[in-house]
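J.:
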Amino acid sequence: MSVDVISSDLLNVALLVFMGITAVAVARLRNLFAVVMLSGIYSLLGATLYVVLDAVDVAFTEAAVGAGISTVLMLGTLALTTSREKATPTARARTAMALSVAIGAVLIYATLDMPLFGDPSAPINHHVVPRYLDESLEETGVPNVVTAVLASYRGYDTLGETFVIFTAACGVLVLIGRPRRRKTDGTGASKA
Amino acid sequence: MMYAAAAAGTAVCMLLVLARSIAGPNIFNRILAVNSFGTLAVMLIAIYGFLTGRPEFLDLSLVYALINFIGTIAVTKFVTFVGMGEGVERDDMGDI
Chain A
1145 MSVDVISSDL LNVALLVFMG ITAVAVARLR NLFAVVMLSG IYSLLGATLY
1195 VVLDAVDVAF TEAAVGAGIS TVLMLGTLAL TTSREKATPT ARARTAMALS
1245 VAIGAVLIYA TLDMPLFGDP SAPINHHVVP RYLDESLEET GVPNVVTAVL
1295 ASYRGYDTLG ETFVIFTAAC GVLVLIGRPR RRKTDGTGAS KA
Chain B
15 MMYAAAAAGT AVCMLLVLAR SIAGPNIFNR ILAVNSFGTL AVMLIAIYGF
65 LTGRPEFLDL SLVYALINFI GTIAVTKFVT FVGMGEGVER DDMGDI
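Protein chains in written order, with the numbering used here: chain A, 1145 to 1336; chain B, 15 to 110.
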């Protein structure tokens, strides 16, 4: 058993290292098609890491949206724009780097106050979870607890999220969903 | 123990595929690298399920395999019809 625990810890470390390598490569590469492909790989790594951390539903969303849909949307954007990135001036890159490091340090400092991962006495395991687990079937009639929370206890919240996603999808379709390429054939006539 | 060895082997393969997708000189290396990486992620999830005694992760890896397949088809179709900056002959079909 201890071999399994150690190896799953090593797996965590390996996945995080791979994610770090991918992120650095995304920042360094100038070929944007390669960057889109690498961000797909990054999403797959993130989804695998979520599975290892037992957040299976989040992993599903990450795999479907991150590796599937957003890759295709990014490729659509590349087809409308250019697939080479202009080099940023070094001074600006340094400022951005310092800002990122500072914000990251603040976020890591904020995690120091959080309860330990999987701590049974953490507030999230005490506040409403026992009530959801015990009474959601009687109160809502939905056998799956996650579905009961999402669709019944937080029904209005989920409705609002659906509106947001619908609006975002409409915006993306308006931007890149229509045929925009025009073929100029010398006479200036354009073809939709 | 065997599952741990299999997971380690899959991780090494992931590293190799990652190197190819970063270094890969052209589009096709990278598409193939992403596809192989998805397959390796599917394998890793399946192996991890057996490693931790929860073989129901196999269902999860099956769904990942489906997503990977559809994603690769979408990317290849896109590259075929849109041309990625190169000349496009069949631009009427570009919005499939």
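Note that the Cβ used here is the ideal one computed from N, Cα and C, for glycine as well.
Quick check: is the beta carbon of V1200/A nearer than 8 Å to any beta carbon in chain B?
T.: For the purposes of this step, residue 1200/A is identified with residue 56 of the first sequence, where counting begins at 1. Yes - at least one Cβ of chain B is within 8 Å of the one on V1200/A.
J.: Just by C-beta distance, which residues in the region 1188-1221 of chain A are closer than 8 Å to chain B?
T.: Cβ contacts with chain B: L1188, L1189, A1191, T1192, V1195, V1196, V1200, A1203, F1204, A1207, A1208, A1211, G1212, T1215, V1216, L1219, G1220.
J.: Any contact between the region 1195-1205 of chain A and the region 65-85 of chain B? By contact I mean 3 or more CB pairs, one from each, below 8 Å.
T.: Yes, the region 1195-1205 of chain A is in contact with the region 65-85 of chain B.
J.: Do you know offhand how far I45/B's Cα is from I81/B's?
T.: Your numbering for residue 45/B matches position 31 in the second sequence. Your numbering for residue 81/B matches position 67 in the second sequence. Answer to the nearest angstrom: the Cα atoms are 15 Å apart.
J.: What residues of chain A sit near F92/B, judged by a beta carbon separation below 8 Å?
T.: Translated into positions along the second sequence, residue 92/B becomes position 78. Those are V1216, L1219, G1220, A1223, listed as they occur along chain A.
J.: At least one CB of chain A closer than 8 Å to the CB of M16/B: is that the case?
T.: On the second sequence, position 2 is the one that residue 16/B refers to. With 8 Å as the cut-off, M16/B does not count as an interface residue toward chain A.
J.: At a Cβ cut of 8 Å, what residues of the region 43-61 of chain B count as close to chain A, listed as they run along the chain?
T.: Result list: R44, I45, A47, V48, F51, G52, A55, L58, I59.
J.: Is A25/B close to chain A? Criterion is C-beta to C-beta, closer than 8 Å.
T.: On the second sequence, residue 25/B is found 11 positions in, with the first residue counted as 1. Yes, A25/B counts as interfacial toward chain A.
J.: Show which residues of chain B have a CB atom less than 8 Å away from the CB atom of A1171/A.
T.: Residue 1171/A sits at position 27 when you count from the first residue of the first sequence. Those within 8 Å of A1171/A in chain B number zero; the least Cβ separation is about 12 Å.
J.: Go ahead and pull the three-state DSSP assignment for R1228/A.
T.: For the purposes of this step, residue 1228/A is identified with residue 84 of the first sequence, where counting begins at 1. It is a strand residue.
J.: Pull the bridge partners of N40/B from the DSSP assignment, please.
T.: For the purposes of this step, residue 40/B is taken as the residue at position 26 of the second sequence. The partner list for N40/B (beta bridge, DSSP) is empty, contrary to what the question assumes.
J.: Output needed for V89/B: all residues of its chain with C-beta closer than 8 Å, excluding positions within five of it in sequence on either side, in chain order.
T.: The count along the second sequence starts at 1 and reaches residue 89/B at position 75. So the list reads I45, V48, once near-sequence residues are dropped.
J.: Expressed to the nearest angstrom, what Euclidean distance is found between the alpha-carbon atoms of I1309/A and A1292/A?
T.: As a first step, residue 1309/A is located in the first sequence; it is residue number 165 there, counting from the start. As a first step, residue 1292/A is located in the first sequence; it is residue number 148 there, counting from the start. The straight-line gap from Cα to Cα measures roughly 21 Å.
J.: Tell me where the alpha helix (DSSP H) around P1259/A begins and ends.
T.: Counted from its first residue, the first sequence places residue 1259/A at position 115. Unbroken run through P1259/A: none, as it is neither H nor E.
J.: If you draw a straight line from the C-alpha of C1314/A to the C-alpha of D1257/A, how long is it?
T.: For this step, residue 1314/A is matched to residue 170 along the first sequence. For this step, residue 1257/A is matched to residue 113 along the first sequence. Each residue's Cα considered, the two are about 40 Å apart.
J.: Fully enclosed by the region 1262-1287 of chain A, which alpha helix (DSSP H) runs are 4 residues long or longer?
T.: For the region 1262-1287 of chain A, whole alpha helix (DSSP H) runs of length 4 or above, ordered along the chain, are 1273-1284.
J.: Whole angstroms are fine: how far does the CA of A1208/A sit from the CA of G101/B?
T.: Locating residue 101/B in the second sequence gives position 87, where the first residue counts as 1. Locating residue 1208/A in the first sequence gives position 64, where the first residue counts as 1. Model confidence at G101/B stands at a pLDDT of 47, short of 50, so the residue's coordinates are unreliable and nothing is read from them.
J.: Skipping 5 residues on each side, what residues in its chain have a beta carbon closer than 6 Å to that of M1218/A?
T.: Within the first sequence, the letter at position 74 stands for residue 1218/A. Correct list, in chain order: V1180.
J.: To the nearest angstrom, how far is it from the Cα of Y78/B to the Cα of G52/B?
T.: Within the second sequence, the letter at position 64 stands for residue 78/B. Within the second sequence, the letter at position 38 stands for residue 52/B. Answer to the nearest angstrom: the Cα atoms are 8 Å apart.
J.: From what residue to what residue does the alpha helix (DSSP H) around D1301/A run?
T.: What you label residue 1301/A is simply residue 157 of the first sequence in a count that begins at 1. Per DSSP, D1301/A belongs to the alpha helix (DSSP H) from 1299-1320.
J.: Any C-beta of chain B sitting closer than 8 Å to the C-beta of L1182/A?
T.: Indexing the first sequence from 1 puts residue 1182/A at position 38. It does: the Cβ of L1182/A has a partner Cβ on chain B nearer than 8 Å.
J.: Which residues does DSSP list as the beta-bridge partners of N1175/A?
T.: Locating residue 1175/A in the first sequence gives position 31, counting from the first residue. R1228/A, per the DSSP bridge assignment.
J.: How many angstroms separate the CA atom of T42/B from the CA atom of I1185/A?
T.: Start at 1 with the first residue of the second sequence, and residue 42/B comes out as number 28. Start at 1 with the first residue of the first sequence, and residue 1185/A comes out as number 41. The question names Thr, yet the displayed sequence has Phe at residue 42/B. Taking the straight line joining both Cα atoms gives about 15 Å.
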